[in-house]
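In the working numbering, the protein residues as written are 5 to 611. Just so it is clear, CB atoms sit at the ideal spot from N, CA and C, and this is done for glycine as well.
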RNA sequence: GGACCUGUGGUGCAGUCUGGAGUGCACGCCGGCCUGUCAAGCCGGAGGUCGCGGGUUCAAAUCCCGUCAGGUCCGCCA
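Encoded structure:
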């Protein structure tokens, strides 16, 4: 049926008789006997010279037979990969009729996302989306090859599973054979892969679907895909080396370059960037003003910690913008946001202009400028409060300010910046092909205590504590570091992993700190603890989000752009109308009765 | 659970602040012209429940209340 791809034809094919198949992309008519028809398949577009062809409307499915020939002098299209050639003496066979699409199949047109999702099959026809799908396939291919090369065995694990202690809300699936009982879809294959270590698989991997019933975001869907791996008889450096190899292989497959991956401790990430997922490209690192302001009279700055960021050259920022920043800081949980302009003082040295300036001693003002390395014309933003809060708020503001600056820069931009179709930029600003990977290591083992003072797992309850901190496990649990690590890129958390506890005595100590009783533990994951009685090797692993990695590599801001059929923020699919109420017969068979009226609010599927 | 933004012919927008005839732009669609275009061009035409419901008003796309949908974010999320 087909003897060539549209996008492959080149001058070297001159004289070839070919048959190409695809969709009519465009038609340019010149009277009764000449029309240029651009035919599109997944590889690209080729111009076909057709006698007549007035009824060849866009998106018609056709096969065109013709002879490849060089274009006449002066009609070469340099912007087209196939622009040196065209198909002449064409005969056209219509293989399928097509109504006008709801939006143009073109990267130039960006339809509303709701419309794109409703007609996703049309949306995916666009070159950009085709490229994203293929980029994703290339990432998967590179990951599989890398894992295979490292001696990892691909093993599939069940989707119909049972609740696990990872913490996310889970999707339940009713059992027909055992009415009233439910399976749970895995939030990750965490427990299953640990069991595979007990089984002696030693090196497991899987490109795994994970399901979490949490609210959706630009970087979060209910169902997402991870490269999940686990290995035995390894330390965390081994695991990170495996992941590094896989990620670098994937990045190299796309960009041709192997990235360098730096390492930061969790503590350092928090201090310098205010987050455990730093975008290290952006500069504007946080400054600790605690020492400078230890004795300050300024009430607003009296707190456990005072941190600041310096926004270079932003000293002329207006009140409306500063108010907006203050509102945002409060939304993020800060009591307030102190702003200070660095100005030239009376004697030519730098000084601070701020509503707070009158509460600051000259020494404090100098100290602030020295600590932040402020120059006249800069804006300083400071947050006072508990250390983690102050850092977190400023860390978020830092990212948003950098992002806004980039948008403003693009709008002002160089003349060439707007050309070439849709604009692509990575999350959090920065430049397109600039991927800054970093390992964040030495996470705390436990998070802040709940109301009763019981710590909760930062990662999950099977995470191995840092050996140096073991003596603190009972006496100062919040100070205990873990052997957990995250991989971060451009401010996105790509994935996380840890060395697991494989000894029952240590596991019991951790359970005690977490307030998990033996009965609880047996009930919730007794099968894992059972397994560990029969010879569990030391093991550890990792999982990272392929959706996010692919989006980063594609320069997309949302993972929805690299998922064939994603869901909207409210979890519905505008194409199918899912989720929908189940018909009564199915409900009966499953032993289910809808509570509270039970008529969902299914969206209307496409007609 | 919450905050903000958006909703106007098939598509993308302007119009909303400051109420006065469904007004405008670009693309697409339909018809006609056109033999080297490539986002072809030229001429003509059709196409609207201004998301939905209620209120204020002589009069509502515009103001008010509610609601639905989409997006960004907070909470939530290994």
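TODO: Determine the closest residue to residue 469 out of 488, 458, 479, with distance taken between C-alpha atoms.
DONE: Translated into the one-based positions of the first chain, residue 469 becomes position 465. Closest by alpha carbon: 488.
Task: residue 358 - DSSP class collapsed to helix/strand/coil - done: As a position in the first chain, residue 358 is number 354, starting the count at 1. Correct three-state label for residue 358: coil.
TODO: Name the two residues that bound the continuous alpha helix (DSSP H) containing residue 215.
DONE: As a first step, residue 215 is located in the first chain; it is residue number 211 there, counting from the start. Per DSSP, residue 215 lies in no alpha helix (DSSP H); the unbroken beta strand (DSSP E) holding it starts and ends at 207 to 215.
Open item on the list: I'd like the list of long-range same chain contacts for residue 254, defined as Cβ closer than 7 Å, with 5 residues on each side in sequence excluded.
Closed with: Your numbering for residue 254 matches position 250 in the first chain. Closer than 7 Å at the Cβ level, and outside the excluded window around residue 254, lie 143, 146, 147, 553.
- [ ] Within its chain, find whatever has a CB closer than 7 Å to the CB of residue 87; leave out the 5 residues flanking it on each side and keep chain order.
- [x] The count along the first chain starts at 1 and reaches residue 87 at position 83. The residues are 80, 81.
- [ ] Take residue 493 and list the residues in its own chain whose beta-carbon comes closer than 7 Å to its own, dropping the five residues that flank it on each side.
- [x] Along the first chain, one-based indexing puts residue 493 at 489. Excluding the 5 residues flanking it on each side, residue 493 has same chain C-beta neighbours closer than 7 Å at 439, 440, 441, 556, in chain order.
Open item on the list: Suppose contacts are defined by Cβ-Cβ distances below 9 Å. Is residue 388 in contact with residue 330 by that definition?
Closed with: As a working mapping, residue 388 is identified with position 384 in the first chain. As a working mapping, residue 330 is identified with position 326 in the first chain. In this structure, residue 330 does not lie closer than 9 Å to residue 388 by Cβ.
Task: residue 489 (DSSP reduced to helix, strand or coil) - done: Here residue 489 is taken as the residue at index 485 of the first chain, counted from 1. If DSSP states are grouped into helix, strand and coil, residue 489 belongs with the strands.
- [ ] For residue 526, collect the residues of the same chain with a Cβ closer than 8 Å to its Cβ; drop the 5 residues on either side in sequence, then sort them by chain order.
- [x] Here residue 526 refers to the residue found at position 522 of the first chain. Counting only Cβ-Cβ distances below 8 Å, and skipping sequence neighbours, we find 533.
Task: residue 603 versus residue 586 - alpha carbon distance - done: For the purposes of this step, residue 603 is identified with residue 599 of the first chain, where counting begins at 1. For the purposes of this step, residue 586 is identified with residue 582 of the first chain, where counting begins at 1. Low local confidence applies: a pLDDT of 42 at residue 603 is under 50, so the model's placement there is unreliable, with the coordinate-based value given in what follows. Rounded to the nearest angstrom, the two C-alpha atoms are 9 Å apart.
- [ ] Take residue 390 and list the residues in its own chain whose beta-carbon comes closer than 7 Å to its own, dropping the five residues that flank it on each side.
- [x] By 1-based counting over the first chain, the position of residue 390 is 386. The beta carbon of residue 390 sits closer than 7 Å to those of 308, 309, all from its chain and outside the five residues before and after it, given in chain order.
TODO: Return helix, strand or coil for residue 235, following the three-state DSSP convention.
DONE: Walking along the first chain from the start, residue 235 turns up at place 231. Reduced to three states, the DSSP call for residue 235 is strand.
- [ ] Just mark residue 426 as buried or exposed, buried being the case when its beta carbon has 16 or more other beta carbons within 10 Å.
- [x] Walking along the first chain from the start, residue 426 turns up at place 422. For residue 426, the predicted structure reports a pLDDT of 34, less than 50, and the residue's modelled location is therefore unreliable. A value from the coordinates is still provided. Here residue 426 is exposed: its Cβ has fewer than 16 other Cβ atoms, across all protein chains shown, within 10 Å.
Open item on the list: Is it the case that the region 188 to 207 contacts the region 160 to 175, given that we only count it when at least three CB pairs across the two stretches are under 8 Å?
Closed with: Result yes; three or more Cβ-Cβ pairs closer than 8 Å.
TODO: Using three-state DSSP, classify residue 174 as helix, strand or coil.
DONE: As a position in the first chain, residue 174 is number 170, starting the count at 1. Residue 174 falls in the coil class under three-state DSSP.
- [ ] Can you tell me the Cβ-Cβ gap for residue 252 and residue 262, rounded? I've got them flagged as a contact below 8 Å.
- [x] Against the first chain, residue 252 aligns to sequence position 248. Against the first chain, residue 262 aligns to sequence position 258. Correct: roughly 5 Å between the Cβ atoms.
TODO: Assign residue 584 to one of three DSSP states: helix, strand, or coil.
DONE: The count along the first chain starts at 1 and reaches residue 584 at position 580. Three-state DSSP puts residue 584 in coil, outside helix and strand.
Open item on the list: Restricting to Cα atoms, I'd like to know which of 360, 53, 92 is closest to residue 19.
Closed with: Position 15 of the first chain, counted from the start, is the residue given in the question as residue 19. Taking only the C-alpha atoms, the option nearest residue 19 is 92.
- [ ] Report the rounded CA-to-CA distance for residue 571 versus residue 564, giving the unit in angstroms.
- [x] The count along the first chain starts at 1 and reaches residue 571 at position 567. The count along the first chain starts at 1 and reaches residue 564 at position 560. Rounded to the nearest angstrom, the two C-alpha atoms are 8 Å apart.
- [ ] Answer yes or no: do residue 12 and residue 48 have a C-beta to C-beta separation smaller than 9 Å?
- [x] What you label residue 12 is simply residue 8 of the first chain in a count that begins at 1. What you label residue 48 is simply residue 44 of the first chain in a count that begins at 1. Yes, these two residues count as a Cβ contact at 9 Å.
TODO: List in chain order: all unbroken alpha helix (DSSP H) runs of 4+ residues lying wholly within the region 251 to 298.
DONE: Given a length threshold of 4 residues, each whole run of the alpha helix (DSSP H) inside the region 251 to 298 is given here in chain order: 270 to 277.
- [ ] Please list, in chain order, all residues of the same chain as residue 1 whose beta carbon is under 6 Å from its beta carbon, the five residues on each side excluded.
- [x] Any property of residue 1 remains undetermined from this structure, which presents the chain solely from 5 to 611.
Task: Straight-line gap, residue 510 to residue 504 (C-alpha atoms, nearest Å) - done: Looking up residue 510 in the first chain gives position 506. Looking up residue 504 in the first chain gives position 500. In a straight line, the C-alpha of residue 510 is about 11 Å away from that of residue 504.
Open item on the list: Need the endpoints of the beta strand (DSSP E) that residue 71 sits in, please.
Closed with: What you label residue 71 is simply residue 67 of the first chain in a count that begins at 1. From DSSP, the beta strand (DSSP E) with residue 71 extends over 65 to 74.
Task: Delimiting residues of the alpha helix (DSSP H) encompassing residue 201 - done: As a working note, residue 201 is residue 197 in the first chain. It spans 194 to 202 - the alpha helix (DSSP H) in which residue 201 sits, taken as one unbroken run.
TODO: Report the three-state DSSP secondary structure of residue 526 (helix, strand or coil).
DONE: One-based indexing of the first chain puts residue 526 at position 522. Three-state result, residue 526: helix.
- [ ] Using the Cα positions of residue 338 and residue 321, report the straight-line distance between them to the nearest angstrom.
- [x] Counting from 1 along the first chain, the entry for residue 338 is found at position 334. Counting from 1 along the first chain, the entry for residue 321 is found at position 317. Straight-line Cα distance between these residues: approximately 21 Å.
- [ ] Flag this pair as yes or no: are the beta carbons of residue 242 and residue 317 separated by less than 9 Å?
- [x] Against the first chain, residue 242 aligns to sequence position 238. Against the first chain, residue 317 aligns to sequence position 313. Between residue 242 and residue 317, the C-beta spacing is not below 9 Å.
- [ ] Out of 464, 363, 500, point me to the one whose CA is closest to residue 515's CA.
- [x] What you label residue 515 is simply residue 511 of the first chain in a count that begins at 1. Ranking the options by Cα distance to residue 515, first place goes to 464.
TODO: Inspect the beta-carbon positions of residue 89 and residue 106 and report whether they are closer than 9 Å.
DONE: Residue 89 sits at position 85 when you count from the first residue of the first chain. Residue 106 sits at position 102 when you count from the first residue of the first chain. Against a cut-off of 9 Å, the Cβ pair of residue 106 and residue 89 comes out as no contact.
- [ ] Note down the Cα distance separating residue 135 from residue 101, rounded to an integer number of angstroms.
- [x] Here the question's residue 135 lines up with position 131 in the first chain. Here the question's residue 101 lines up with position 97 in the first chain. Roughly 25 Å separates the two Cα atoms.
Task: Inter-stretch contact at 8 Å, needing at least 3 Cβ pairs: the region 216 to 236 / the region 475 to 488 - done: Three or more Cβ pairs closer than 8 Å define a contact, and the region 216 to 236 falls short of that threshold against the region 475 to 488.
Task: Touch test, the region 176 to 190 against the region 147 to 158, Cβ-Cβ under 8 Å, three pairs minimum - done: No, because fewer than three Cβ pairs between the region 176 to 190 and the region 147 to 158 fall closer than 8 Å, the two stretches do not touch.
Task: Cβ pair count under 8 Å reaching 3, the region 539 to 546 against the region 517 to 525 - done: Result no; under three Cβ-Cβ pairs closer than 8 Å.
Open item on the list: I'd like to check one pair, residue 598 with residue 591: are the Cβ atoms closer than 9 Å?
Closed with: Here residue 591 corresponds to residue number 587 of the first chain, with the count starting at 1. Here residue 598 corresponds to residue number 594 of the first chain, with the count starting at 1. Judged by their CB atoms, residue 591 and residue 598 are nearer to each other than the 9 Å cut-off.
Open item on the list: Distance check for residue 225 and residue 496, CA to CA, integer angstroms please.
Closed with: Start at 1 with the first residue of the first chain, and residue 496 comes out as number 492. Start at 1 with the first residue of the first chain, and residue 225 comes out as number 221. Inter-residue distance for residue 496 and residue 225 is about 15 Å (C-alpha atoms, whole angstroms).
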